[in-house]
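What follows is a single structure, written as structure tokens, with notes after it.
In the working numbering, the protein residues as written are 36 to 426.
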């Protein structure tokens with residue numbers, strides 16, 4: 036199944052264009068599911084039909100289904116299940132159980148609900164295209180990073196090589212007379228790892244496409260640059276930049292003419308750097324499938340958009356290996372690198388990622404780095420104590 040992730044700055048019209056894109060695909064005969072987790076039913080308002088925790092067909096549009104998972108319901112179900120699994124420990128501590136209807140979702144519950152819905156939808160065989168209305172860019176990038184980071188934390192906190200001692204823990208628990216939660220803890224960690232791996236597989240799949248939405252103007256230009264850099268750090272690149280609410284030109288009204296000129300400047304700049312598609316301003320908020328169709332959003336490209344981080348061999352000439360990390364839009368003053376064991380911590384402005392080093396680079400030391408033409412080039416020199424000796 037093909038997956039399309041849409042994001043952009045807040046208020047740029049992401050949900051509306053997600054609905055319009057899904058509608059375009061469905062009218063071409065592609066079984067499509069559009070997914071959103073907005074607390075308010077913005078998706079339903081755009082489609083002209085209410086959406087909720089159960090996927091619903093969009094009336095009058097065969098092949099189109101809309102879904103808005105209920106984060107609160109999922110949070111309560113997870114907390115209830117956790118209480119059941121930890122019953123022995125809670126009883127030993129004298130803890131009072133929470134009623135299933137009592138908990139209020141904590142910050143992050145919506146993001147976790149979206150990740151799970153993304154996984155469940157991707158595993159479904161009922162659809163050929165999944166269109167996901169992600170949160171605004173900063174939250175979306177943090178959301179996409181969450182599965183990788185959580186799996187890393189699990190590996191550090193509960194390393195697989197230590198699980199061999201699990202068989203002794205029940206015995207120790209009986210001898211000490213204290214309930215030992217280790218068994219279910221490892222089981223829960225294994226289950227989480229599988230679920231997180233499934234989400235990571237969807238995000239990193241070559242059939243997953245990211246699409247940016249922005250309103251042309253100075254603020255939109257800044258947002259697009261930051262989003263492009265943040266996506267690149269995740270190994271992602273937008274296939275299309277949707278310039279939303281583009282005003283018609285020319286205009287005899289001085290104020291509209293000024294806004295249109297400002298939009299045109301941004302559009303000219305974007306045209307050179309991105310695959311740009313302009314979405315017209317309808318003069319009102321789009322409501323219903325007729326309005327969505329009038330937005331003329333492009334079909335989802337079947338050509339994968341891949342981003343590679345290659346390592347090139349310059350040992351013969353310069354005695355180094357070079358790791359090429361694409362970071363379009365990155366600013367040198369906002370860039371920071373730290374080598375930690377077999378990992379590289381890359382920070383670009385508000386974005387940060389910890390990436391494992393390719394195997395060859397683990398036997399090297401960092402010899403320098405440079406940011407040129409939107410690409411970070413990290414030089415590694417072989418460590419004589421670790422590098423194979425040639426005769």
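Yeah, the Cβ is synthetic: ideal placement off N, Cα and C, and Gly gets one too.
Residues of the same chain with a CB within less than 7 Å of the CB of residue 282, apart from the 5 flanking positions on each side, are 291, 294, 295, 298, 316 in chain order. Leaving aside the five residues that flank residue 51 on each side, the residues in its chain whose CB is nearer than 7 Å to its CB run, in chain order, 81, 321. Cβ neighbours of residue 146 within its own chain (closer than 6 Å, five residues either side excluded): 178. In the structure shown, residue 394 falls within a helical segment according to DSSP collapsed to helix, strand and coil.
With respect to the C-alpha of residue 276, the residue from 253, 247, 263, 403 having the closest C-alpha is 247. Take residue 414, set aside five residues on each side of it, and the residues of its chain with a beta-carbon closer than 6 Å to its own are 355, 357, 402, 403, in chain order. As the crow flies, the alpha-carbon of residue 171 is around 10 Å from that of residue 48. In this structure, residue 153 keeps its C-beta atom at 8 Å or more from the C-beta atom of residue 229. Rounded to whole angstroms, residue 144 and residue 174 show a C-alpha spacing of 13 Å.
Spatial neighbours of residue 189 in its own chain (CB-CB distance under 6 Å, excluding positions within 5 residues in sequence) are listed in chain order as 224, 228. The Cβ neighbour count for residue 366, taken over all protein chains shown within 10 Å, is under 16; the residue is labelled exposed. Using a Cβ-Cβ distance cut-off of 8 Å, the segment 64–74 and the segment 87–100 are in contact, since at least three pairs of beta carbons, one from each stretch, lie closer than that value. With a 10 Å radius around the Cβ and a threshold of 16 neighbouring Cβ atoms, residue 160 comes out exposed. Counting along the chain, residue 307 sits inside the alpha helix (DSSP H) bounded by residues 289–308. Residue pairing of residue 403 in beta bridges, as defined by DSSP: 414.
Cβ-Cβ distances below 8 Å link residue 76 to 85, 86, 87, 103 in the same chain, with the five nearest sequence neighbours on each side left out; the list follows chain order. Looking at 331, 351, 139, the one whose alpha-carbon comes closest to that of residue 59 is 331. In this structure, the straight-line span from the alpha carbon of residue 235 to that of residue 360 is close to 20 Å. Judged by DSSP secondary structure, residue 183 falls within the alpha helix (DSSP H) whose first and last residues are 172–192. As DSSP reads the structure, residue 313 sits in a beta bridge with 278. Residues 398, 399 of the same chain have their beta carbon placed closer than 8 Å to that of residue 422, with the five preceding and five following residues left out of the count.
Taking C-beta atoms as the reference points, residue 261 and residue 384 count as a pair closer than 8 Å. With a cutoff of 8 Å on beta-carbon distance, residue 71 and residue 53 are scored as near each other.
One Cα belongs to residue 278, the other to residue 69, and the distance between them is close to 20 Å. For residue 407, the closest alpha carbon among the candidates 374, 380, 368 is that of 368. Classified as buried, residue 183 has 16 or more neighbouring CB atoms from the shown chains inside 10 Å of its CB. Under DSSP, residue 319 forms no beta bridge with any residue. If the five residues before and after residue 83 are omitted, its C-beta is found closer than 7 Å to the C-beta atoms of 322, 323, 324, all from its own chain and listed in chain order. The beta-carbon separation of residue 40 and residue 167, rounded to 5 Å, stays under the 8 Å limit for a contact.
In this structure, residue 370 sits away from residue 379, with a CB-CB distance that is not shorter than 8 Å. Minimum Cα-Cα distance from residue 386 among the listed residues 264, 417, 309 corresponds to 264. Counting along the chain, residue 355 sits inside the beta strand (DSSP E) bounded by residues 355–361. Close CB contacts of residue 256 within its chain, under the 7 Å cut and outside five residues either way in sequence, are with 301, 304 (chain order).
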